[in-house]
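Q:
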Amino acid sequence: MSELFDQFIVEAQELLETAGGALLALERDPADRASVDELFRAFHTLKGSSALFDMAPFTRLVHAGEDTLSLLRDGRRGMTPDLADRLFRALDQCARWVAALEEAGTLPADAGEAAEALARGLSGGPADGAAAGGGEVEAFPWVAGLTDEERRAAGEGTLTAIDYTPDPDCFFTGDDPLALFRRVPDLRLLRIEPAHPLPPLAQMDPYRCVLRFRALSGAAVEAVTPAFRSVPDQVRTGSVTLSPAFTPPAAAAQGSLAATMLEEQTRILDLPGSAAERESRRAAVARAVAAILTALGRPTQRAAVAAACGDVGSLRRFLADGPGETPAVSEPRPSAPSAAPRRALRVEPERMDALMALVGELSVVKGQLGPLVRRAGDGEMARDLKAFAARVDSLVGDLRHAALRLRLLPLARVFDPLPRLVRDTARRLDKTVELVLEGAETEADKDILDVLGEPLLHLVRNALDHGIEMPERRAAAGKPPAGTLRVRAFQDKGGVVVEVSDDGAGIDPAAMRRAAVAKGLLDPDAAAALSDADAVRLVFAPGFSTAGSVSELSGRGVGMDAVRAAAERAGGRVEIDSTPGNGTRVCLLLPLTLSITRVVVVEAAGSLYGIPVALVGGVQRVKRGEIRAVKRAESVVLRDRVVPLVRLRRLLGQPEDERARADDCVVLAELGDGPVAVAVDDVGERADVVLRPMTGVLRGLRGYAGTAVLGDGRLILVLDLRELL
Amino acid sequence: MTGTDGSGPRVLVVDDAVTVRAFSRRVLEADGFVVDEAVNGIEGLERAMAAPPDLVIVDVNMRKMDGYTMLRVLRRDPGLRDVPAIMISTESKASDREQALLAGANWYIVKPPRPEVLVEAARLLTGRPLGGEGAP
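Those protein sequences? They're chains R and B, same order as listed. For the first sequence, position 63 (counting from the first letter as 1) is numbered 66 according to the numbering used here, and the numbering increases by one without interruption. For the second sequence, position 114 (counting from the first letter as 1) is numbered 127 according to the numbering used here, and the numbering increases by one without interruption.
#1: Entirely within the region 468–548 of chain R and at least 4 residues each: give me those alpha helix (DSSP H) ranges in chain order.
#2: Could you give the C-beta distance for Leu272 (chain R) and Leu115 (chain B), rounded to a whole number, given that I count them as a contact under 8 angstroms?
#3: Along the alpha helix (DSSP H) that carries Arg211 (chain R), what are the first and last residues, could you check?
#4: Mind listing the chain B neighbours of Phe11 (chain R)? Cutoff is C-beta to C-beta under 7 angstroms, in chain order.
#5: Tell me the rounded alpha-carbon separation between Ala392 (chain R) and Leu372 (chain R).
#6: For Ala357 (chain R), count neighbouring C-beta atoms within 10 Å of its own C-beta (all shown protein chains included) and say buried if the count is 16 or more, exposed if not.
#7: In angstroms with no decimal places, state the Cα-to-Cα distance between Gly709 (chain R) and Val692 (chain R).
#8: Can you find a CB in chain B that lies within less than 8 angstroms of the CB of Ser52 (chain R)?
#9: Inspect the beta-carbon positions of Ile99 (chain B) and Asp72 (chain B) and report whether they are closer than 8 angstroms.
#10: Name the two residues that bound the continuous alpha helix (DSSP H) containing Lys449 (chain R).
#11: Applying a beta-carbon distance threshold of less than 8 angstroms, which residues of chain R neighbour Glu59 (chain B)?
#12: Report the neighbours of Val288 (chain R) on chain B: residues whose CB is nearer than 8 angstroms to its CB, in chain order.
#13: Let me know the secondary structure DSSP gives Cys668 (chain R) once reduced to three states.
#14: Near Tyr210 (chain R), which residues of its chain fall below 8 angstroms by C-beta distance, leaving aside the five closest residues on each side in sequence?
#15: Since Leu93 (chain B) contacts Ala113 (chain B) with CB under 8 angstroms, what's their CB separation in whole angstroms?
#16: Please specify which runs of the alpha helix (DSSP H), each continuous and at least 4 residues long, are wholly inside the region 624–664 of chain R, giving them in chain order.
#17: Please check the pair Val65 (chain R) and Leu49 (chain R), which I expect to be a contact at CB under 8 angstroms, by giving their CB distance rounded to whole angstroms.
#18: Are the CB atoms of Leu591 (chain R) and Gly613 (chain R) nearer to each other than 8 angstroms?
#19: Within the same chain, show all residues whose beta-carbon is closer than 8 angstroms to that of Leu718 (chain R), passing over the 5 residues directly before and after it, in chain order.
#20: In chain B, which residues lie less than 8 angstroms from His730 (chain R) when you measure between Cβ atoms?
#21: Should Pro422 (chain R) and Leu121 (chain R) be called a contact, given that it needs their Cβ atoms to be closer than 8 angstroms?
#22: Return the bridge partner residues of Asp113 (chain R) from the DSSP annotation.
#23: Please name the residue in R:Phe56, R:Met384, R:Val376 whose C-alpha comes closest to that of Glu152 (chain R).
#24: Out of R:Ala25, R:Asp450, R:Ala102, R:Ala230, state which residue places its alpha-carbon closest to the alpha-carbon of Leu407 (chain R).
#25: Could you tell me which of R:Ala385, R:Arg31, R:Thr163, R:Arg80 sits nearest to Leu245 (chain R), measuring between CA atoms?
#26: Which of the three DSSP states is assigned to Arg301 (chain R) in this structure?
#27: Could you name the residues of chain R that Glu56 (chain B) contacts, counting a contact when the two beta carbons are closer than 9 angstroms?
#28: Between the Cα of Asp47 (chain R) and the Cα atoms of B:Leu84, B:Glu104, B:Asp109, which residue gives the shortest distance?
#29: Use the C-beta contact count for Leu5 (chain B): other C-beta atoms within 10 angstroms, 16 or more gives buried, fewer gives exposed.
#30: Rounded to whole angstroms, what's the CA-CA distance from Glu119 (chain R) to Ala112 (chain R)? Just pull it up for me.
#31: Tell me, which residues are paired with Val69 (chain B) by DSSP?
#32: Counting only the same chain and skipping the five closest in sequence on each side, list residues whose C-beta sits under 6 angstroms from that of Arg38 (chain B).
#33: At the level of alpha carbons, what is the spacing between Val603 (chain R) and Pro696 (chain R)?
#34: Pull up the distance between the alpha-carbon of Glu30 (chain R) and that of Pro84 (chain R), whole angstroms please.
#35: If you draw a straight line from the alpha carbon of Arg186 (chain R) to that of Trp145 (chain R), how long is it in whole angstroms?
So, in structure tokens, the structure goes:
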């Protein structure tokens, strides 16, 4: 049944996700009927499906959820934030259990208790009698989590529950836990479980008792306690009442099902309804009765049965008399092919990577066709070669696109946790926040999604924590009391952009300058020289935003340097802009995939280098006269900003460019700390390359991200500008 | 009512829970039935009309169209109104059973069904001999 179990895991995950979404919607709008229904159905389906397996606590909890939703649906109970919390907790617990089931195949040992506690929380009172029974069941929550089998073994009525967690040193004090239970009268159930998760075998001390014992006895409490006289401090007893075990109604003997079913058909004839309804029921009953009789080896003519189905009395008589012997014949029906459900194909990541690498190599090899065609000249063969090259070119392009698409997933995957995160965080902070998600359908490589998830949560949490103000402060500032948090994704320049913006307090550049000085990161003059934009960008400086006080000053929280680092590791970058009083916008700019890097090819001292496009803010020529030199440090004004200028030749330890030139070619590199103008000899094309990390003796070389081969076969070194600068 | 081509009676399982559908399919196919699936009442009716089954097994609570509605529509359709129907639900109350029969079910089974119970009920309602292997 493991395939069925796997199916359950997938279904449960989907349902829990649906339920989470519906609950969020419902909390926002308690009158939302569709969401109530959705949520109810999710619990209901989980109940039905989980009951197919031995996971009573799971079923118990989702059953309680279903009951709660049923009350909500009928208007007998109202939605409150508190109830939403409880439902969320129940869903979270289920999600953890599903994870445990997927991992280990069983629920954790404490599931019964957890289910009971959460279910009680949902009903807002003691556990309902139908499932748990009365007495002191609450003191023994595991009793409610008994499996049907255990429940049948225990029997019904008032029992004595025993909880015994022996002292770990009990073997030295002469107690024998198991022997104690042998003295318990009318022991109906004994469960021996680890008291705590078991340590690894190597760390297990066989001389210590790591178990706990739970038992049910049919005897009264007074009759049970003497058995545990020697260990009163380690034992708890109490009486519990168990309702009858649920027995499937048709556990009855073979053959009697047919009798019951026939009796039921008779009864159906008597049910109220319109003439048309009764007529069609009669037809269904006639066919069912004929089938049942055939199955019992008493084939009957359909017409005879149909005639007998006129009323209850005649059917009773017909069944009692025993029908005739003519076998019923029916046309064999061709069976329609059943539609196979659409299934996603799972592929090992390594195979995917191998395919991508091959496609990358193929792109490179394809590039070498171009120069070949040019060399071939003008002949007929050259023309054919050219046509052939064009065809290969377009096919390789399509192939690359198709291979890339295989790895693309919608950003919805990283957006999905956000509504819940925002809801929980806002509630914890007593803030009202409207989350707007846009572009969840935007696609990116799975690698990129993996990189994106964590920083995105971070940015959202920060915006809620430090960006959006308390409702009173917002009202005082003339803003609507509810803050708006917008998360927007879109594709841009062959990459994916995720933008997190809020309409909160924004970041005060003056406060940032003061904090930078106070933390000793900048001296007062350097701080004063920073533009406002650069001052705001200080949040990305390592070590800047670690103190709690900074968040109050800056309106931004902890760990922005981690966000920046994650973006950069993925070959992307992060941008921020903020208007005090109006809010903050943080942009993550990431490549579409990690497998192929798009670079700008530049030349310096006769060699070619690549700079990842994600880091390039622009390319332009600057007149020599516009470059200002203070001592050896040069700078240039670009887009109204003073940008430090570095020369690639110098960075690489190459001789200065001796040629007399009127202007310099400059690549504007957007690094986390602000832009840097990199002067190069020349700027070439943009190219997609498969980046190969440095290996062997070159591995220790700093400043290079790796090597790559251009389409025409030329080798380039891809620069790691951050390391170089 | 077993097909002469060696295929067993056709059972249409209508349930929105994929696990329950898979369970029923597994259990019934193992006993020689040919199983078709639908995820709600509308799809169930569509499938039934496209190829009338020998038995429908219908869940109660489904989106778009629930099991009660599906059975009522089924019973009004001249070509399908006598198709035996089992309603299957997590509810064990007598009133739920009554409602199922009123809607047109011939039999009512509480979820989760035990495999042998499901098989026996399916055999009875499709006229297959009890015990022994399926096809005669």
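We put the beta carbon where it would ideally sit given N, CA and C, even for glycine.
A: So, from the listed chains and residues:
#1: Here the runs fully enclosed are 474–479, 512–521, 527–532, 535–540.
#2: Within the first sequence, residue 272 (chain R) is the residue found at index 269, counting from 1. Within the second sequence, residue 115 (chain B) is the residue found at index 102, counting from 1. Going by Cβ atoms, the distance from Leu272 (chain R) to Leu115 (chain B) rounds to 13 angstroms, so no, they are not a contact pair.
#3: Counted from its first residue, the first sequence places residue 211 (chain R) at position 208. Premise fails: Arg211 (chain R) is in no alpha helix (DSSP H) and is neither H nor E.
#4: If you number the first sequence from 1, residue 11 (chain R) lands on position 8. Within 7 angstroms of the CB of Phe11 (chain R), the CB atoms of chain B belong to Thr32, in sequence order along the chain.
#5: Along the first sequence, one-based indexing puts residue 392 (chain R) at 389. Along the first sequence, one-based indexing puts residue 372 (chain R) at 369. Approximately 6 angstroms between the Cα atoms of the pair.
#6: Indexing the first sequence from 1 puts residue 357 (chain R) at position 354. Exposed.
#7: What you label residue 709 (chain R) is simply residue 706 of the first sequence in a count that begins at 1. What you label residue 692 (chain R) is simply residue 689 of the first sequence in a count that begins at 1. The alpha-carbon atoms of Gly709 (chain R) and Val692 (chain R) are separated by roughly 11 angstroms.
#8: Position 49 of the first sequence holds residue 52 (chain R). So, interface residue.
#9: For the purposes of this step, residue 99 (chain B) is identified with residue 86 of the second sequence, where counting begins at 1. For the purposes of this step, residue 72 (chain B) is identified with residue 59 of the second sequence, where counting begins at 1. No, they are not a contact pair.
#10: Here residue 449 (chain R) corresponds to residue number 446 of the first sequence, with the count starting at 1. DSSP places Lys449 (chain R) inside the alpha helix (DSSP H), whose first and last residues are 449–465.
#11: Within the second sequence, residue 59 (chain B) is the residue found at index 46, counting from 1. Within chain R, not a single residue places a beta-carbon under 8 angstroms from that of Glu59 (chain B); the smallest gap is close to 11 angstroms.
#12: Within the first sequence, residue 288 (chain R) is the residue found at index 285, counting from 1. Per Cβ cutoff of 8 angstroms: Asn119.
#13: Taking the first sequence and counting its residues from 1, the one referred to as residue 668 (chain R) is at position 665. Cys668 (chain R): strand per DSSP, three-state reduction.
#14: For the purposes of this step, residue 210 (chain R) is identified with residue 207 of the first sequence, where counting begins at 1. The beta carbon of Tyr210 (chain R) is closer than 8 angstroms to those of Phe174, Phe175 in its chain, skipping five residues each way along the sequence.
#15: What you label residue 93 (chain B) is simply residue 80 of the second sequence in a count that begins at 1. What you label residue 113 (chain B) is simply residue 100 of the second sequence in a count that begins at 1. 17 angstroms between Cβ atoms; not a contact.
#16: The qualifying runs are 651–654.
#17: The residue given as residue 65 (chain R) occupies position 62 in the first sequence. The residue given as residue 49 (chain R) occupies position 46 in the first sequence. The Cβ separation is near 4 angstroms, so the contact holds.
#18: What you label residue 591 (chain R) is simply residue 588 of the first sequence in a count that begins at 1. What you label residue 613 (chain R) is simply residue 610 of the first sequence in a count that begins at 1. Contact: no.
#19: As a working mapping, residue 718 (chain R) is identified with position 715 in the first sequence. Leu611, Thr710, Ala711, Val712, listed in sequence order.
#20: In this structure chain R extends from 4 to 728, so residue 730 (chain R) is not present and cannot be described.
#21: For this step, residue 422 (chain R) is matched to residue 419 along the first sequence. For this step, residue 121 (chain R) is matched to residue 118 along the first sequence. No. Outside cutoff.
#22: Position 110 of the first sequence, counted from the start, is the residue given in the question as residue 113 (chain R). Looking at the DSSP assignment, Asp113 (chain R) forms no beta bridge with any residue, so it has no partner.
#23: The residue given as residue 152 (chain R) occupies position 149 in the first sequence. The candidate whose alpha carbon is nearest that of Glu152 (chain R) is R:Phe56.
#24: For the purposes of this step, residue 407 (chain R) is taken as the residue at position 404 of the first sequence. It is R:Asp450.
#25: Sequence index remark: in the first sequence, residue 245 (chain R) carries index 242 (1-based). Leu245 (chain R) has its Cα closest to that of R:Thr163, out of R:Ala385, R:Arg31, R:Thr163, R:Arg80.
#26: Along the first sequence, read from residue 1 onward, the residue named residue 301 (chain R) stands at position 298. Of the three classes helix, strand and coil, the one that applies to Arg301 (chain R) here is coil, per DSSP.
#27: Within the second sequence, numbered from 1, the residue matching residue 56 (chain B) stands at position 43. Scanning chain R for C-beta atoms nearer than 9 angstroms to the C-beta of Glu56 (chain B) yields nothing, as the closest lies near 10 angstroms away.
#28: Here residue 47 (chain R) refers to the residue found at position 44 when the first sequence is read from its first residue. Residue 47 (chain R) is actually His in this sequence, not Asp. His47 (chain R) has its Cα closest to that of B:Glu104, out of B:Leu84, B:Glu104, B:Asp109.
#29: What the structure shows of chain B is the stretch from 14 to 149, and residue 5 (chain B) is not part of that stretch, so it cannot be assessed.
#30: Locating residue 119 (chain R) in the first sequence gives position 116, where the first residue counts as 1. Locating residue 112 (chain R) in the first sequence gives position 109, where the first residue counts as 1. Cα-Cα distance, rounded: 13 angstroms.
#31: Along the second sequence, one-based indexing puts residue 69 (chain B) at 56. DSSP lists B:Leu25, B:Ala98 as partners of Val69 (chain B).
#32: Taking the second sequence and counting its residues from 1, one reaches residue 38 (chain B) at position 25. Correct list, in chain order: Val48.
#33: Counting from one through the first sequence, the residue named residue 603 (chain R) turns up at place 600. Counting from one through the first sequence, the residue named residue 696 (chain R) turns up at place 693. Straight-line Cα distance between these residues: approximately 18 angstroms.
#34: Within the first sequence, numbered from 1, the residue matching residue 30 (chain R) stands at position 27. Within the first sequence, numbered from 1, the residue matching residue 84 (chain R) stands at position 81. Annotation: Glu30 (chain R) to Pro84 (chain R) spans about 7 angstroms, alpha carbon to alpha carbon.
#35: Position 183 of the first sequence, counting from 1, holds the residue named residue 186 (chain R). Position 142 of the first sequence, counting from 1, holds the residue named residue 145 (chain R). Straight across, the Cα-Cα distance linking Arg186 (chain R) with Trp145 (chain R) is about 22 angstroms.
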